[in-house]
Amino acid sequence: MRQDPEACFAAFAASAIPVTRVPDRPSTTGCETENAVRLPSVLRTIPASPTLSCPMAAAWTMFERHGLQAAARTHLGQEVAGIRHLGTQSCRNIGGGTVRSQHATANAIDIAGFILRDGREVRVAPDWPGSGRDAAFLRAVRDAACRWFRVVLSPDYDAAHRDHFHLDMGPWSSCR
Ligand SMILES: [Zn+2]
564 MRQDPEACFA AFAASAIPVT RVPDRPSTTG CETENAVRLP SVLRTIPASP
614 TLSCPMAAAW TMFERHGLQA AARTHLGQEV AGIRHLGTQS CRNIGGGTVR
664 SQHATANAID IAGFILRDGR EVRVAPDWPG SGRDAAFLRA VRDAACRWFR
714 VVLSPDYDAA HRDHFHLDMG PWSSCR
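Numbering (our numbering), first residue to last: 564 to 739.
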């Protein structure tokens, strides 16, 4: 799917999950938007309707259904009703370097928190450290994300990720 956008859209069409395409936006600086959609999540998304590449939307759909909710049921006894994210699209490089971030092409999302059915919110910061059930849930979410995304960076990776999970479908592979 990462190499073949039409296969990605065909997979959504076959699954009967409706997706809203975002018009392509060219760029001469490595910040183009191509084959993007509005995140087709059944969860409440704060801020609403982020733009993501089709492969990211496909990975998220599998992760949400087969990873995230299972982790919530196991560790918290209820499902997730919403997510709080810190953005998908940002025309910038990776941490001060010369390589474009996957955020430059809407091929990444940063997740800061999970809102549960009872209204409570589990946040990467401050809930990641510790040994309680919220921390266990967050670790299970990180581990599950590694099944579906190419790169998953948690607070275990570095201080820049102390308050969010970075998920992307770029060319590298990492689960930290
Ligand atoms: Zn990120």
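Glycine is no exception: its CB is placed at the ideal position from the N, C-alpha and C atoms.
- Task: For the alpha helix (DSSP H) holding PHE712, just list the boundary residues, first then last.
- Result: Per DSSP, PHE712 belongs to no alpha helix (DSSP H) and is neither H nor E.
- Query: So MET732 packs on MET619, CB below 8 Å; how close in whole Å?
  - Reply: 5 Å
- Query: Is the beta carbon of ALA599 less than 7 Å from the beta carbon of SER578?
  - Reply: no
- Report the rounded CA-to-CA distance for ARG739 versus VAL704, giving the unit in angstroms. 12 Å
- Query: On the three-state DSSP scale, how would you describe HIS629?
  - Reply: helix
- Message: Within 10 Å of its beta-carbon, does GLY659 have 16 or more other beta-carbons around it, so buried, or fewer, so exposed?
- Response: exposed
- Task: Closer than 6 Å is what we want: which residues have a beta carbon that near any heavy atom of ligand 1? List them in chain order.
- Result: HIS666, ALA671, ASP673, HIS729
- Item | Own chain residues within Cβ distance below 6 Å of LEU730, not counting five before or after | ILE672, ALA708, PHE712, VAL715
- Drop a sphere of 10 angstroms on the beta-carbon of GLY676, count the other beta-carbons inside from all chains shown, and report buried for 16 or more, exposed for fewer. buried
- Can you have a look at THR661 and say buried or exposed, based on whether 16 or more other CB atoms are within 10 angstroms of its CB? exposed
- Is the Cβ-Cβ distance between PRO613 and LEU602 less than 7 Å? yes
- Proximity below 7 Å, CB of ARG680 to CB of ALA633: no
- Item | According to DSSP, residues forming a beta bridge with ALA671 | ASP731
- Item | Exposed unless 16 or more other CB atoms sit within 10 angstroms - verdict on ASP697 | buried
- Tell me, which residues are paired with ILE580 by DSSP? Beta-bridge pairing links ILE580 to no other residue.
- Task: Give the straight-line distance between the Cα atoms of ASN670 and GLU684, rounded to the nearest whole angstrom.
- Result: 25 Å
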